[in-house]
Amino acid sequence: MKRILKICFGDARSAFDGIKEPTPIWLPALFVLVCLTFAFLILEGIAALIVLWTEIRGDESDWTGVWLQLGHLLIQTTPFILLSVVFLCLWWVLTATYYFVIARLFNIRILWRNWFGFSCWSSIPLVMVPIFLVLAFAVQTVSIPGREVDPWYIELTSACLLALPFIWCARVSALGLRSWTEDAGRGMFYWRLVAIVPYISLLLAFLMSITWLLRLI
């Protein structure tokens, strides 16, 4: 846990120095998967309670309809959580391959297994996605007097909140790449470009999945 905190909030570069060989995999992978799963389950439960409370306050006498709505919500969102876990594992595999190929282009001899661990460690800030998702939703609910449509700065603030965990991951990844490939002679600007590609792709996939989920609900 100390190393996880150091990578996210401390000296990430020195933390990656300590896990270059060997590179632990199970600790960061399980941490990210468990935290994200529980966080989304909590959000799902809160959404279900909101639906139930809304129906109760509306003096709905048809409790069958209430439970059907709750069941519909659970059926729609639970597969989304499972698919997110599977997608994240696949994304780690693809990202590890991406780093492995680029490293080989510069004659950097690091095993694919180590790059897989690197992908897991650099993605730890993703556990903050549910929190920023709630914040982005809260921003969207802010009502502006006299405005029927949200002004541009509301949409921009919401989008920035959604993107922040992915930018955080890209920063951690860039510092880790600098730590592991110091001898390649490339500057920090180059490794930032390398690091941002996977997380921009992941952010786009995340936004598309959220859009798909909202359409189903």
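According to my numbering, the stretch in the sequence shown is residues 9 to 225, in order. Each residue gets a CB set at the ideal place from its N, CA and C atoms; glycine is no exception.
Exposure of residue i, with buried meaning 16 or more beta-carbon neighbours within 10 Å
{"i": "Leu102", "result": "exposed"}
{"i": "Ala167", "result": "exposed"}
{"i": "Ser69", "result": "No answer about Ser69 holds up, because its pLDDT of 48 lies below 50 and its placement is not dependable."}
{"i": "Phe24", "result": "buried"}
{"i": "Pro173", "result": "buried"}
{"i": "Trp129", "result": "buried"}
{"i": "Phe86", "result": "The question names Phe, yet the displayed sequence has Thr at residue 86. Classification for Thr86: exposed."}
{"i": "Leu226", "result": "Any question about residue 226 goes unanswered here, given that the chain covers just 9 to 225."}
Residue i, enclosing alpha helix (DSSP H) - first and last residue
{"i": "Lys10", "result": "Lys10 to Phe17"}
{"i": "Leu134", "result": "First-last for Leu134: undefined, no H or E at that position."}
{"i": "Arg21", "result": "Ala20 to Asp25"}
Cα-Cα separation, residue i to residue j
{"i": "Val137", "j": "Arg21", "result": "23 Å"}
{"i": "Asp204", "j": "Ala182", "result": "Checking the sequence, you will find Ile at residue 204 rather than Asp. Spanning the two alpha carbons is a distance of roughly 8 Å."}
{"i": "Gly53", "j": "Leu113", "result": "47 Å"}
{"i": "Val142", "j": "Asp19", "result": "28 Å"}
{"i": "Phe5", "j": "Ile162", "result": "Given that the chain is displayed from residue 9 to residue 225, the structure contains no residue 5 and the question cannot be resolved."}
{"i": "Pro36", "j": "Val42", "result": "10 Å"}
{"i": "Cys177", "j": "Leu212", "result": "14 Å"}
{"i": "Leu96", "j": "Ser127", "result": "10 Å"}
{"i": "Ser217", "j": "Lys10", "result": "32 Å"}
{"i": "Val180", "j": "Ser92", "result": "22 Å"}
Cβ distance (whole Å) where residue i is taken to contact residue j below 8 Å
{"i": "Phe108", "j": "Trp99", "result": "No, Phe108 and Trp99 are not in contact; Cβ-Cβ is about 15 Å, not under 8 Å."}
{"i": "Val202", "j": "Leu185", "result": "6 Å"}
{"i": "Leu169", "j": "Val135", "result": "Actually they do not touch by this definition, with Cβ atoms about 15 Å apart."}
{"i": "Ile226", "j": "Ile132", "result": "Only positions 9 to 225 of the chain appear in this structure, which leaves residue 226 out of reach."}
{"i": "Asn122", "j": "Thr31", "result": "4 Å"}
{"i": "Phe48", "j": "Ile89", "result": "5 Å"}
{"i": "Phe124", "j": "Ala111", "result": "Contact flag wrong, Cβ pair sits at about 13 Å."}
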